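For the sequence shown, the residue numbers in our numbering are 34 to 502. Built from N, CA and C at the ideal position, the CB exists for glycine as well. Computed from a predicted model, the values in this text were never measured in an experiment.
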Amino acid sequence: MSSHYHLRLLVLILFLSLMSSCTSFFYQPSGPRRARLGEDTPATTSLRNLPAAKEKIVAAVYKFRDLTGQYKQSETGTGFSTAVTQGTTNILLKAMEESGWFVPIERENVSNLLNERKIVRSSVAQFKDGENLPPLLFAGIILEGGVVSYDANIITGGGGLQYFSAGGSTQYRQDRVTVYLRAVATKTGKILKTIYTSKTILSQSVNASLFRYVTFKRLLETETGLTTTEPGQMAVTEAIEKAVEGLVIEGVRDGLWMASEKSSDAMKKLLDEYETEKTRMSETDVYGMRPEISAPQAVIQPYAGLMRYSGDYARKTIREMYGASVDVYFSPKFGIQANGATGILASEGAFSNRISSLEGNLLFRPTPFQHWSSLFFAGAGMVSRAGSSPLSLTGKKTVQAQAGVGIQYISNGIFGLRSTIAFHQPFSDDLDGIVAGTRNDYYLRATLGLTFNLGRKMSPRVSSTPLRK
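1) In the DSSP assignment, the alpha helix (DSSP H) including LYS311 goes from what residue to what residue?
2) When the Cα atoms are used, what is the spatial distance from ILE228 to ARG286?
3) So THR480 and GLY338 are supposed to be a Cβ contact under 8 Å. How far apart are they, rounded?
4) With DSSP as the reference, label SER492 as helix, strand or coil.
5) With DSSP collapsed to three states, give me the class of ILE369.
6) Assuming LEU408 contacts LEU396 (C-beta within less than 8 Å), just tell me the rounded distance between them.
7) Mind checking whether ILE443 and ILE369 have CB atoms under 7 Å apart?
8) Residues in its own chain within less than 8 Å of PHE460 by CB, not counting five upstream and five downstream?
9) Considering only the alpha carbon of each residue, which of GLY200, GLY393, VAL212, PHE113 lies closest to ILE124?
10) Leaving aside the five residues before and after PRO84 along the sequence, list all residues of the same chain whose C-beta is less than 6 Å from its C-beta, in chain order.
11) Helix, strand or coil: how does DSSP classify PHE160 here?
12) Which whole-angstrom value is the C-beta distance of GLY414 and GLU392, which I expect to be below 8 Å?
13) Can ALA172 and THR219 be called in contact, C-beta distance under 7 Å?
14) Taking DSSP as the reference, what is the three-state secondary structure of MET267?
15) May I ask you to report which of helix, strand or coil DSSP gives MET129?
16) To the nearest angstrom, report how far apart LEU477 and LYS366 are at their CA atoms.
17) What span of residues does the alpha helix (DSSP H) with ARG81 cover, start to end?
18) Is the Cβ-Cβ distance between ARG418 and ASN386 less than 7 Å?
19) Hey, LEU304 and ILE282 are a contact pair by Cβ (cut 8 Å); roughly how many whole angstroms apart?
20) Would the beta-carbon of GLU131 fall within 7 Å of that of PRO137?
21) How long is the line joining the alpha carbons of ALA76 and ARG67, rounded to whole angstroms?
22) Going by CA-CA distance only, name the one from ALA86, SER63, GLY71 that's closest to GLU294.
23) Beta-carbon within less than 6 Å of SER236's beta-carbon, same chain only, minus the 5 sequence neighbours each way: which residues are those?
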């Protein structure tokens, strides 16, 4: 019976390991792959679908450089490989061609072009007197700029769970690349327009492992994982393509160049969409967070929950409780809370007492303008045994400290939802009726309840400068 049980366990573990690792096998290359055409970015399609120009702009790019000075980082330190591709000029010229608004001309290696023209001119002169090469095109504008920053690890995080040597974990990291592009008039040297774009680069990994003795002297160990990293070159390409698109649209908006008459309606629609996007971006921070709601200044929450005793008795019994809290915020992120609660504190077979507490807490909500937000609180209060009703206190009043975390959902209306878990530490050991040991009694409390959002709503501070039309 024991051998059959272990065999079934082994088959089940192998099956679960295979299912968890199948994703990595789907992406695992089994052999060399053929060369293929380069992939498009999401911005490539938008660039190709720009309305047609009334007249294409002859533009030159001498050097679109990597200005970051950033070297690629690794777990062992920084190497000599650059974090940003050094072929950004080629990427910009390709984006200009894809847009259909520019006639790119060679300037990065213009010395090679001039030398070749000299060779052609001297060869032609030997056979055809008086025949010359046509003149080179001259640029109406010069595009300058470069990749100005590469910020590594602007967001990092992860999570994991392991139980009896079996578990999994995940990690992620986000970098950011920033591009500036400007158009300069060749006749006057005036900077006509400057565009600023950015793109994040995501890296993430998922791992699962198992380490278990199946039988005596038989050890089962399995491990699988998958790591993906967004190519840096694709991120730079998308940022440059977005900059070229913005240059075309803002140039039309400011009257620097014009769309064809047939595409005037499409360009007008595109201008409206672009202004909407710029408004959204003016309200978005560097981490991609944009305000979704106005933060309530006052919140009332009735709630119910569970309490778990831990003290001089061995059994840690979970019993019901209820209460209510009132929050008042003096800034979007910080506020104070008054909280009253009552419930049963018990150890099965030993004691069961009703307690009531009155608490004052300092609140902190990191993302006050999002529907979903975490909540942190800490403070002090008073706890005592209660009689037949929550307000009839019969026991000794004891000072306590508490701290906890929670998560809340705030709608655009009056109602919301909040759940918390908190640790409560009374400065007394007789909460359970006996004094023993060196540690005071304490209890954990988990709550869930509706919130009523009242008072004046606090709005995020956004730029008051109107967008130029």
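With the given structure in hand:
1) For the purposes of this step, residue 311 is taken as residue 278 along the sequence shown, with counting starting at 1. Where LYS311 is concerned, the enclosing alpha helix (DSSP H) stretches over 297 to 315.
2) For this step, residue 228 is matched to residue 195 along the sequence shown. For this step, residue 286 is matched to residue 253 along the sequence shown. When rounded, the distance between both Cα atoms is 13 Å.
3) Position 447 of the sequence shown, counted from the start, is the residue given in the question as residue 480. Position 305 of the sequence shown, counted from the start, is the residue given in the question as residue 338. Confirmed, Cβ separation roughly 4 Å.
4) Position 459 of the sequence shown holds residue 492. Here SER492 sits in coil by DSSP.
5) What you label residue 369 is simply residue 336 of the sequence shown in a count that begins at 1. In the structure shown, ILE369 sits in a strand (DSSP, three-state: E or B).
6) For the purposes of this step, residue 408 is identified with residue 375 of the sequence shown, where counting begins at 1. For the purposes of this step, residue 396 is identified with residue 363 of the sequence shown, where counting begins at 1. Contact between LEU408 and LEU396 is confirmed by a C-beta separation of about 7 Å, below the 8 Å threshold.
7) For the purposes of this step, residue 443 is taken as the residue at position 410 of the sequence shown. For the purposes of this step, residue 369 is taken as the residue at position 336 of the sequence shown. No; because the gap between Cβ atoms is not below 7 Å, this pair is not in contact.
8) Sequence index remark: in the sequence shown, residue 460 carries index 427 (1-based). Closer than 8 Å at the Cβ level, and outside the excluded window around PHE460, lie THR431, VAL432, GLN433, ALA434, ASN473.
9) Here residue 124 corresponds to residue number 91 of the sequence shown, with the count starting at 1. Minimum Cα distance to ILE124 is reached at VAL212.
10) By one-based count along the sequence shown, residue 84 stands at place 51. Answer for PRO84: ALA292, SER296, ALA299, MET300, listed in chain order.
11) Here residue 160 refers to the residue found at position 127 when the sequence shown is read from its first residue. DSSP places PHE160 in helix when its eight states are reduced to three.
12) Indexing the sequence shown from 1 puts residue 414 at position 381. Indexing the sequence shown from 1 puts residue 392 at position 359. Yes, GLY414 and GLU392 are in contact; Cβ-Cβ is about 3 Å, under 8 Å.
13) Translated into positions along the sequence shown, residue 172 becomes position 139. Translated into positions along the sequence shown, residue 219 becomes position 186. The criterion of a C-beta distance shorter than 7 Å is satisfied by ALA172 and THR219.
14) Looking up residue 267 in the sequence shown gives position 234. Three-state DSSP puts MET267 in a helix.
15) Indexing the sequence shown from 1 puts residue 129 at position 96. In the structure shown, MET129 sits in a helix (DSSP, three-state: H, G or I).
16) Working through the sequence shown from its first residue, we reach residue 477 at position 444. Working through the sequence shown from its first residue, we reach residue 366 at position 333. Our two residues, LEU477 and LYS366, have alpha carbons roughly 25 Å apart in a direct line.
17) Position 48 of the sequence shown holds residue 81. Residues 75 to 81.
18) Here residue 418 corresponds to residue number 385 of the sequence shown, with the count starting at 1. Here residue 386 corresponds to residue number 353 of the sequence shown, with the count starting at 1. Yes; because the gap between Cβ atoms is below 7 Å, this pair is in contact.
19) Taking the sequence shown and counting its residues from 1, one reaches residue 304 at position 271. Taking the sequence shown and counting its residues from 1, one reaches residue 282 at position 249. Indeed, because the Cβ distance is near 6 Å, the residues count as touching under 8 Å.
20) For the purposes of this step, residue 131 is taken as residue 98 along the sequence shown, with counting starting at 1. For the purposes of this step, residue 137 is taken as residue 104 along the sequence shown, with counting starting at 1. For GLU131 and PRO137, no; Cβs fall outside 7 Å.
21) Taking the sequence shown and counting its residues from 1, one reaches residue 76 at position 43. Taking the sequence shown and counting its residues from 1, one reaches residue 67 at position 34. Whole-angstrom Cα-Cα distance: 26 Å.
22) Looking up residue 294 in the sequence shown gives position 261. Minimum Cα distance to GLU294 is reached at ALA86.
23) Taking the sequence shown and counting its residues from 1, one reaches residue 236 at position 203. Cβ neighbours of SER236 beyond the five flanking positions: ARG206, THR262.
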